[in-house]
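K.L.:
My numbering numbers the first residue of the sequence shown as 39 and each following residue consecutively. All C-beta atoms in this analysis are idealised placements derived from N, C-alpha and C, irrespective of residue type, glycine included. A single structure is presented below for examination.
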Amino acid sequence: MLRIKEIVIVLLILISASILMGCTDIGTIDKLEAQKEVGADGKELYDHITIDNDYQNWSYWPGKGEFEPAREPHGEFVTTYVSNTSISSIENKDGNMSAGSIIVKNNYDDNKELVAITAMYKVDGYDPEHNDWFWVKYLPDGTIEAEGKIEDCNGCHGMKKSNDYIFTGILTQGIPEPVTGTPNATQTPTSTPTPEPTPRPEPTNISIWIENNGFKPYGNVEINMGDTVVWWNREKFKNPRDIISEDGLWDEPVHLNFMRTFNYTFNETGTYYFSLMYNEVGSRQEITVI
Ligand code: HEC
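Quick look at the structure:
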């Protein structure tokens with residue numbers, strides 16, 4: 039009797055031990071997953087932003103486009119890409135990028151040839167003295183030219199310490215409002231009749247947002263010949279959108295990732311219709327060019 043009891047106890051101990059060990063295993067796996075979050079390491083970061091989650095599909099810095107004119111030492115033109123964590127930080131307007139934010143910048147020469155990729159990655163506790171930024175500079179093929187707490191990067195970007203070491207946008211301002219062109223229609227005509235034809239108004243940029251499954255402003259937008267419309271994907275759920283030109287200004291729907299813009303200059307008068315793929319009826323927009 040006693041023997042059986044002992045055996046049962048030993049078995050129970052063995053079973054619970056194996057259950058516990060099982061749990062430890064699961065715990066280890068969880069930890070490994072979490073560590074996949076990428077350490078302060080140039081190679082790891084490169085794999086992450088090229089293989090796991092290609093940065094060239096990320097949003098541009100909100101309000102910025104491709105090939106923005108740059109300053110030394112970043113070449114002639116730059117395209118700045120931001121990870122989703124970075125976008126949320128910018129949206130929060132608290133003046134700080136949260137841990138995990140990655141900003142990647144393509145640096146181009148005057149022929150728009152890629153000459154370097156520079157990145158900053160915020161790693162919790164990595165370098166508290168410099169807001170925890172890990173810096174890295176890659177050559178176009180991914181070779182690491184410098185990485186870590188790079189004095190040069192920290193030094194110059196330190197000018198913007200109050201803006202979390204960032205030059206490109208003011209963090210407390212959040213995501214900029216759309217810039218619409220100056221309304222030309224308000225120009226009052228002169229009372230004295232002029233023999234020459236009135237000069238055409240200066241071309242302007244008209245910004246149209248895509249958000250909540252539609253265009254904003256909604257309905258009809260009147261613009262002048264020569265104006266450029268800038269469509270900007272601002273969907274809350276950060277989903278891509280495809281703009282259809284019902285009049286065939288372009289053949290295939292224009293695919294816009296979140297925060298990306300698309301420009302079209304209207305050089306002929308007329309009325310044009312646009313809609314969003316998957317919502318062709320509900321999102322219809324009319325643009326009248328006068
Ligand atoms: C002499 C000043 C200077 C140095 C040194 C410098 N940067 Fe920059 N950096 C800038 C400026 C100015 C911008 C804004 C965009 C532009 O004009 O190129 C910028 C922008 C950036 C951005 C986009 C986010 C932002 O702050 O606007 C990244 C990423 C970046 N730099 C990485 C680096 C890395 C990595 C290094 C070091 C290898 C470095 N930078 C060294 C001046 C500098």
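Going by C-alpha distance, which of Asp265, Asn251, Leu287, Trp288 is nearest arginine 279?
P.N.:
With distances taken between Cα atoms, arginine 279 lies closest to Asn251.
K.L.:
If you follow the alpha helix (DSSP H) that isoleucine 125 is part of, which residue opens it and which one closes it?
P.N.:
122-130 is the span of the alpha helix (DSSP H), which, as asked, contains isoleucine 125.
K.L.:
List the DSSP bridge partners of glutamate 249.
P.N.:
Gly252
K.L.:
Do the segment 115-134 and the segment 202-211 touch if we need at least three Cβ pairs shorter than 8 Å?
P.N.:
Segments in contact, yes.
K.L.:
Looking only at C-alpha atoms, which of Phe115, Ile125, His112 sits nearest to tryptophan 99?
P.N.:
Out of Phe115, Ile125, His112, Ile125 has the C-alpha closest to the C-alpha of tryptophan 99.
K.L.:
Taking the DSSP output, what are the residues bridged to asparagine 258?
P.N.:
Glu324
K.L.:
Please classify tyrosine 311 as buried or exposed, where buried requires at least 16 neighbouring CB atoms within 10 angstroms.
P.N.:
exposed
K.L.:
Which residues in the same chain as threonine 285 place their Cβ atom closer than 7 Å to its Cβ, once the five residues preceding and following it in sequence are excluded?
P.N.:
Correcting the residue type first, residue 285 is aspartate in the shown sequence and not threonine. So the qualifying residues of the chain are Tyr310, Tyr311.
K.L.:
Indicate whether tyrosine 159 and leucine 83 have their beta-carbon atoms separated by less than 7 Å.
P.N.:
For tyrosine 159 and leucine 83, yes; Cβs fall inside 7 Å.
K.L.:
Around the Cβ of isoleucine 328, are there at least 16 other Cβ atoms within 10 angstroms (buried) or fewer (exposed)?
P.N.:
Exposed.
K.L.:
What residues in its chain sit with their C-beta under 8 Å from that of asparagine 95, if we drop five residues either side in the sequence?
P.N.:
Result list for asparagine 95: Asn295, in chain order.
K.L.:
Please indicate yes or no: does the CB of phenylalanine 298 lie closer than 6 Å to some heavy atom of ligand 1?
P.N.:
Residue identity differs from the one stated: residue 298 is arginine in this sequence, not phenylalanine. No - ligand 1 has no heavy atom lying nearer than 6 Å to the Cβ of arginine 298.
K.L.:
Are the CB atoms of glutamate 260 and threonine 156 within a distance shorter than 7 Å?
P.N.:
no
K.L.:
Apart from the five residues on each side of it in sequence, which residues of its chain come closer than 6 Å, Cβ to Cβ, to glycine 180?
P.N.:
Tyr84
K.L.:
Please list, in chain order, all residues of the same chain as threonine 220 whose beta carbon is under 7 Å from its beta carbon, the five residues on each side excluded.
P.N.:
At threonine 220 the pLDDT is 42, less than 50, meaning the model places this residue with poor confidence and gives no usable figure here.
K.L.:
Under the criterion of a Cβ to heavy atom distance below 6 Å, does tryptophan 5 qualify as lining ligand 1?
P.N.:
Nothing about residue 5 can be reported from this structure: the residues present for the chain run from 39 to 328 only.
K.L.:
Compare the Cα-Cα distances from serine 313 to each of Ile246, Ser321, Glu151 and report the closest residue.
P.N.:
Cα-wise, what sits closest to serine 313 is Ser321.
K.L.:
Within 10 angstroms of the Cβ of glycine 80, are there 16 or more other Cβ atoms? Answer buried if so, exposed if not.
P.N.:
Buried, by the Cβ-count rule.
K.L.:
If you compare alpha carbons, which of Ala154, Glu106, His293 is closest to tyrosine 316?
P.N.:
His293
K.L.:
Leaving out five residues before and five after glycine 308 in sequence, what residues of the same chain have Cβ atoms less than 7 Å from its Cβ?
P.N.:
These residues qualify, in order along the chain: Val327.
K.L.:
Kindly indicate which residue of Pro178, Asp147, Lys187, Ile281 has the alpha-carbon position closest to the one of aspartate 165.
P.N.:
Nearest option by C-alpha distance: Lys187.
K.L.:
Could you check whether the Cβ of alanine 10 sits closer than 6 Å to any heavy atom belonging to ligand 1?
P.N.:
What the structure shows of the chain is the stretch from 39 to 328, and residue 10 is not part of that stretch, so it cannot be assessed.
K.L.:
When you measure from the CB of isoleucine 141 to every non-hydrogen atom of ligand 1, does any distance come out below 6 Å?
P.N.:
Yes.
K.L.:
If we ignore side chains and look at the alpha-carbon of each, how far apart do lysine 274 and isoleucine 204 end up?
P.N.:
Near 24 Å, if we compare the C-alpha coordinates of isoleucine 204 and lysine 274.
K.L.:
Could you check what DSSP says for isoleucine 188 in three-state terms: helix, strand or coil?
P.N.:
coil
K.L.:
Taking a contact to mean a Cβ-Cβ separation below 7 Å, would you say valine 161 touches alanine 78 in this structure?
P.N.:
yes
K.L.:
Out of Pro107, Val120, Asn301, which one is the CA nearest neighbour of asparagine 149?
P.N.:
Pro107
K.L.:
Where does threonine 242 fall in DSSP's three states?
P.N.:
coil
K.L.:
According to DSSP, simplified to helix, strand and coil, what is lysine 199?
P.N.:
helix
K.L.:
Which residues in the same chain as glutamate 75 place their Cβ atom closer than 8 Å to its Cβ, once the five residues preceding and following it in sequence are excluded?
P.N.:
Gly138
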